[in-house]
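*Asks:* For reference, the structure I am asking about is given below.
Numbering (my numbering), first residue to last: 1228 to 1786.
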């Protein structure tokens, strides 16, 4: 965290997640430019409202509502940025997310492209994303610009209501689009009627209060281990902040290189990430994948209940224990965010929850909520490794968390089995995350859908809006999505995909190893369905404040 960054030039959603507890409400607006003049006028007006990464201190107070923007490749094209510069943009960004559907596992990988197109593979996507970048459409419905608004709650007593500043910013944005002649796109959600994508933390009731939680709609605690990089928090970063969120070296936890997430700075290879010319246009910018991920809650609960009944019978445990254990073994954490790697058994988890006063005894729901929030925000919830659990007896090798952040698991000097000298599993004390540190991604966004106390099934509009930030869409996001979520070879899982995010049209298994000392065979979940499916999205460039001014003034010179 020693690198000095010009935080006034970087958009705020790159360095801050905003988050479920600071800004639990979000609105995502999509715009289409009819021509360069209208687009530049719109960019010029909106950029003056953009929230930067500048520290919230002194006169720069924490805003009630934040504003940030991003542009697609077709948007940059309509804005008449120099062709020479646009040609130097990354291939994935130029093609867009829809064209990369096969790589991402968003369409059936057993079908040819012709077969997929014939079968309307994207028919389940929101209409806005079906129309955007549609071949033969002439680009008339392309998404050009994304404007994201994040808002604080009205008050603690009315935490489930957004601050009025959000509606004020929405009214201003809508009026501006009409004034300059930019089209606000609709076609959002399944019925295609919504004019913006709504999102918020998943709220639940705690006594008299309705409060934001760290949950998503499948019931898991989310967003605990987002990466930390050099310069991210200015001079206010603490040593605790990086624990479990940076890279693991022989010296311990250290922040990742800035260039993994912001262009124009050295990355983990000690090189500057490739950029188009002029360098000042892309400096302090980055790339982002916008993905709307729908969660099939009904299917998930039905499969879990069926598998838990079988697991309970085979293992001789209660159905409650079976359900909680299977959830944890799929995710890598218990539902309250406690990592399996530190608390590997159900009995230990129950005891840990009582010790930490998450539940049990005289602990009220509100006190349990507060205690759990304190825990998941602490290094204790993040400081663990996988290198000492190569067999997956604690946390299965195919669990969601081990796939998306491998930590020290892929260190080539790690060994499976038991050390005869100690009788304990081999432990590589010098294991590092060298093979993982170039695959990290920043996660932004919020869930969307009803609160926890309302009915949810497969047809309910619920899921997670994923804003995935990194300087290389291919090396970071696409690699993790394809190689670690949709494939299983790096984790010795064969054709098994991620039990939570993977496509289970063909591979429906998740293997849960047993403790080698128990002599029991592994348990295989064999009836998985696709619980999370993409409903659309695209690749975006998040410009710096300098680049936004250059776009608005039309002065981007590729020489």
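Backbone N, C-alpha and C define an ideal beta-carbon position, used for all residues, glycine too.
For residue 1503, which of 1375, 1311 and 1624 has the nearest alpha-carbon?
*Replies:* The residue labelled residue 1503 in the question sits at position 276 within the chain shown. Taking only the C-alpha atoms, the option nearest residue 1503 is 1311.
*Asks:* List, from N- to C-terminal side, the alpha helix (DSSP H) runs of 4 residues or more that fit wholly inside the region 1322 to 1400.
*Replies:* For the region 1322 to 1400, whole alpha helix (DSSP H) runs of length 4 or above, ordered along the chain, are 1328 to 1331, 1340 to 1345 and 1354 to 1358.
*Asks:* Using beta-carbon positions only, say whether residue 1613 and residue 1634 come within less than 8 angstroms of one another.
*Replies:* The count along the chain shown starts at 1 and reaches residue 1613 at position 386. The count along the chain shown starts at 1 and reaches residue 1634 at position 407. Cβ atoms of residue 1613 and residue 1634: closer than 8 angstroms.
*Asks:* Examine the Cβ distances between the region 1301 to 1318 and the region 1500 to 1517 and report whether three or more of them are shorter than 8 angstroms.
*Replies:* Output reads yes: the region 1500 to 1517 touches the region 1301 to 1318.
*Asks:* Between the C-alpha atoms of residue 1768 and residue 1371, what's the straight-line distance to the nearest angstrom?
*Replies:* Along the chain shown, read from residue 1 onward, the residue named residue 1768 stands at position 541. Along the chain shown, read from residue 1 onward, the residue named residue 1371 stands at position 144. C-alpha separation (whole angstroms): 11 angstroms.
*Asks:* Can you confirm whether the region 1739 to 1756 touches the region 1276 to 1296 when touching is taken to mean that 3 or more C-beta pairs between the two stretches lie within less than 8 angstroms?
*Replies:* These segments do not touch.
*Asks:* Answer yes or no: do residue 1692 and residue 1424 have a C-beta to C-beta separation smaller than 8 angstroms?
*Replies:* As a working mapping, residue 1692 is identified with position 465 in the chain shown. As a working mapping, residue 1424 is identified with position 197 in the chain shown. Closer than 8 angstroms, so yes.
*Asks:* Roughly how many angstroms lie between the CA atoms of residue 1354 and residue 1414, to the nearest whole one?
*Replies:* Along the chain shown, read from residue 1 onward, the residue named residue 1354 stands at position 127. Along the chain shown, read from residue 1 onward, the residue named residue 1414 stands at position 187. Looking at the two C-alpha atoms, the distance is approximately 5 angstroms.
*Asks:* What does a CB cutoff of less than 7 angstroms around residue 1707 pick up in its chain, not counting 5 residues either side in sequence?
*Replies:* Mapped onto the chain shown, residue 1707 falls at position 480. Closer than 7 angstroms at the Cβ level, and outside the excluded window around residue 1707, lie 1631, 1666 and 1668.
*Asks:* Tell me, please, whether the region 1709 to 1717 touches the region 1583 to 1596 by the rule of three or more beta-carbon pairs shorter than 8 angstroms.
*Replies:* No, the region 1709 to 1717 is not in contact with the region 1583 to 1596.
*Asks:* May I have the straight-line CA-CA distance separating residue 1259 from residue 1771, to the nearest angstrom?
*Replies:* Start at 1 with the first residue of the chain shown, and residue 1259 comes out as number 32. Start at 1 with the first residue of the chain shown, and residue 1771 comes out as number 544. The straight-line gap from Cα to Cα measures roughly 21 angstroms.
*Asks:* Does residue 1652 pass the burial test, meaning 16 or more other C-beta atoms within 10 Å, or should it be called exposed?
*Replies:* One-based indexing of the chain shown puts residue 1652 at position 425. That one is buried.
*Asks:* Consult DSSP for residue 1411 and reduce its assignment to one of helix, strand or coil.
*Replies:* Against the chain shown, residue 1411 aligns to sequence position 184. The answer is strand: DSSP assigns residue 1411 an E or B state.
*Asks:* How would you write the range of the beta strand (DSSP E) that residue 1737 sits in, first residue to last?
*Replies:* Within the chain shown, numbered from 1, the residue matching residue 1737 stands at position 510. Counting along the chain, the beta strand (DSSP E) containing residue 1737 begins and ends at 1737 to 1739.
*Asks:* Should residue 1716 go down as buried or exposed, given a rule of 16 or more other Cβ atoms within 10 Å for buried?
*Replies:* One-based indexing of the chain shown puts residue 1716 at position 489. By the neighbour-count rule (16 or more Cβ atoms within 10 Å), residue 1716 is not buried but exposed.
*Asks:* Considering only the beta carbon of each residue, do residue 1697 and residue 1687 sit closer than 8 angstroms?
*Replies:* Start at 1 with the first residue of the chain shown, and residue 1697 comes out as number 470. Start at 1 with the first residue of the chain shown, and residue 1687 comes out as number 460. Taking 8 angstroms as the Cβ cut-off, residue 1697 and residue 1687 do not qualify as a contacting pair.
*Asks:* If we call anything under 8 angstroms between Cβ atoms a contact, is residue 1680 one with residue 1432?
*Replies:* If you number the chain shown from 1, residue 1680 lands on position 453. If you number the chain shown from 1, residue 1432 lands on position 205. It is a contact, given that the beta carbons lie within the stated cut-off.
*Asks:* Give the range of the beta strand (DSSP E) segment to which residue 1439 is assigned.
*Replies:* Here residue 1439 refers to the residue found at position 212 when the chain shown is read from its first residue. Where residue 1439 is concerned, the enclosing beta strand (DSSP E) stretches over 1436 to 1439.
*Asks:* Go to residue 1763, then tell me how far its beta strand (DSSP E) extends in each direction, as first and last residue.
*Replies:* The residue you call residue 1763 lines up with position 536 of the chain shown. Where residue 1763 is concerned, the enclosing beta strand (DSSP E) stretches over 1759 to 1769.
*Asks:* Should residue 1793 be labelled buried (16 or more other beta-carbon atoms within 10 Å of its own) or exposed?
*Replies:* Because the chain spans 1228 through 1786 in this model, residue 1793 falls outside it and cannot be assessed.
*Asks:* Among 1620, 1541, 1535 and 1536, which residue has its Cα nearest to the Cα of residue 1572?
*Replies:* As a working mapping, residue 1572 is identified with position 345 in the chain shown. Nearest of 1620, 1541, 1535 and 1536 to residue 1572, Cα basis: 1620.
*Asks:* Bridge partners for residue 1255 per DSSP, in chain order?
*Replies:* Here residue 1255 corresponds to residue number 28 of the chain shown, with the count starting at 1. Bridge partners of residue 1255: 1375 and 1424.
*Asks:* Kindly indicate which residue of 1307, 1730 and 1373 has the alpha-carbon position closest to the one of residue 1329.
*Replies:* Counted from its first residue, the chain shown places residue 1329 at position 102. Considering only alpha carbons, the answer is 1730.
*Asks:* Hey, how far is the Cα of residue 1538 from the Cα of residue 1349?
*Replies:* Within the chain shown, the letter at position 311 stands for residue 1538. Within the chain shown, the letter at position 122 stands for residue 1349. For residue 1538 and residue 1349, the distance between alpha carbons rounds to 36 angstroms.
*Asks:* Assuming residue 1302 is part of the beta strand (DSSP E), what are its boundary residues?
*Replies:* Position 75 of the chain shown, counted from the first residue, corresponds to residue 1302. Here residue 1302 belongs to no beta strand (DSSP E); instead the alpha helix (DSSP H) covers 1300 to 1305.
*Asks:* Indicate the three-state DSSP secondary structure (helix, strand or coil) for residue 1431 in the structure shown.
*Replies:* Counting from 1 along the chain shown, the entry for residue 1431 is found at position 204. In the structure shown, residue 1431 sits in a strand (DSSP, three-state: E or B).
*Asks:* Are the region 1535 to 1551 and the region 1470 to 1485 touching, with three or more C-beta to C-beta distances below 8 angstroms?
*Replies:* With a cut-off of 8 angstroms, the region 1470 to 1485 and the region 1535 to 1551 do not count as touching, because too few Cβ pairs lie within range.
*Asks:* Just curious, the beta strand (DSSP E) that residue 1516 is in, first and last residue?
*Replies:* Working through the chain shown from its first residue, we reach residue 1516 at position 289. Here the beta strand (DSSP E) through residue 1516 covers 1513 to 1522.
*Asks:* Quickly, what does DSSP pair residue 1674 with across the bridge? List them, please.
*Replies:* Taking the first residue of the chain shown as position 1, residue 1674 is located at position 447. Beta-bridge pairing links residue 1674 to 1691.
*Asks:* Nearest-angstrom Cα distance between residue 1467 and residue 1499?
*Replies:* Counting from 1 along the chain shown, the entry for residue 1467 is found at position 240. Counting from 1 along the chain shown, the entry for residue 1499 is found at position 272. Near 28 angstroms, if we compare the C-alpha coordinates of residue 1499 and residue 1467.
*Asks:* In the DSSP output, what is residue 1599 paired with across the bridge?
*Replies:* As a position in the chain shown, residue 1599 is number 372, starting the count at 1. Answer is none; residue 1599 lacks a bridge partner.
*Asks:* Once you ignore the five residues that flank residue 1603 on each side, which residues in its own chain have a CB closer than 7 angstroms to its CB?
*Replies:* Residue mapping note: residue 1603 aligns to position 376 of the chain shown, counting from 1. 1441, 1448, 1451 and 1564.
*Asks:* Are residue 1492 and residue 1559 close, meaning C-beta to C-beta below 8 angstroms?
*Replies:* The residue labelled residue 1492 in the question sits at position 265 within the chain shown. The residue labelled residue 1559 in the question sits at position 332 within the chain shown. Not in contact: residue 1492 and residue 1559 (Cβ atoms no closer than 8 angstroms).
*Asks:* First and last residue of the beta strand (DSSP E) that includes residue 1479?
*Replies:* Along the chain shown, one-based indexing puts residue 1479 at 252. Counting along the chain, the beta strand (DSSP E) containing residue 1479 begins and ends at 1479 to 1481.
*Asks:* Going by beta carbon distance, what residues of the same chain come within less than 7 angstroms of residue 1484, once the five residues before and after it are set aside?
*Replies:* Walking along the chain shown from the start, residue 1484 turns up at place 257. Contacts found: 1456, 1457, 1493, 1494 and 1495.
*Asks:* Output the boundary residues of the alpha helix (DSSP H) element that contains residue 1313.
*Replies:* Against the chain shown, residue 1313 aligns to sequence position 86. From DSSP, the alpha helix (DSSP H) with residue 1313 extends over 1310 to 1313.
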